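Student: Per the numbering used here, the very first residue in the sequence shown carries number 3; after that it's consecutive. Ideal Cβ placement from N, Cα and C applies to all residues, glycine included. The structure presented is a predicted model; accordingly, all values stated were derived computationally and were not measured. This is the structure I want to talk about, given as structure tokens.
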Amino acid sequence: MMYVFLGKNVAQNRELAQMLTQFQLEFELLTYDDIDETILNFCMAHTNDCFDLLTDRLQDYRSRSDISYSELCQLILSDVEKHIKFPLVIKDDVVYAGLTNAEARSLLLPKKVRFMLSRQYLSKSYHVMMARKKVS
Numbered sequence: 003m004m005y006v007f008l009g010k011n012v013a014q015n016r017e018l019a020q021m022l023t024q025f026q027l028e029f030e031l032l033t034y035d036d037i038d039e040t041i042l043n044f045c046m047a048h049t050n051d052c053f054d055l056l057t058d059r060l061q062d063y064r065s066r067s068d069i070s071y072s073e074l075c076q077l078i079l080s081d082v083e084k085h086i087k088f089p090l091v092i093k094d095d096v097v098y099a100g101l102t103n104a105e106a107r108s109l110l111l112p113k114k115v116r117f118m119l120s121r122q123y124l125s126k127s128y129h130v131m132m133a134r135k136k137v138s
């Protein structure tokens, strides 16, 4: 099961949801309001660098030692939408933050689906190339 937390970008949210639905992936759509301390702690624990989840506004805290982890979490939770990169996706205990739709396609789709899509693309490209040769 994949959990997708959406931000305020309606167009990006719609495209991501359509792509996941189109490929019949099992996912649950949630909003940034659904992120609580438990989810935030899970996300922070399942990333190589917890600052990868955070927007540029909070990158200054990376080098500061005067703030504790719990204070940082409270700061993030005070305005989740401004402090976390969305969409935020949790899949197989891996957390992806701030995915573009192209990144989502390459990271979230199963390998078989990606292979099928690339094969279709190459087939179409081949037919276009052959049609151009006939015209020349």
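Bridge partners of glutamate 105, per DSSP?
Tutor: Looking at the DSSP assignment, glutamate 105 forms no beta bridge with any residue, so it has no partner.
Student: Check whether the stretch 76-93 and the stretch 52-59 are in contact - that is, three or more C-beta pairs closer than 8 Å.
Tutor: yes
Student: Measuring alpha carbon to alpha carbon, tell me which of Thr40, Glu73 and Ile92 ends up nearest threonine 49.
Tutor: In terms of Cα proximity to threonine 49, the closest of Thr40, Glu73 and Ile92 is Ile92.
Student: Is it the case that the Cβ atoms of valine 115 and phenylalanine 29 are separated by a distance below 7 Å?
Tutor: no
Student: Would you say leucine 8 and proline 89 are within 7 Å of each other, going by their C-beta atoms?
Tutor: yes
Student: Just the C-alpha distance for leucine 22 and isoleucine 37, rounded to the nearest angstrom, thanks.
Tutor: 21 Å
Student: For leucine 18 versus alanine 106, is the C-beta spacing smaller than 7 Å?
Tutor: yes
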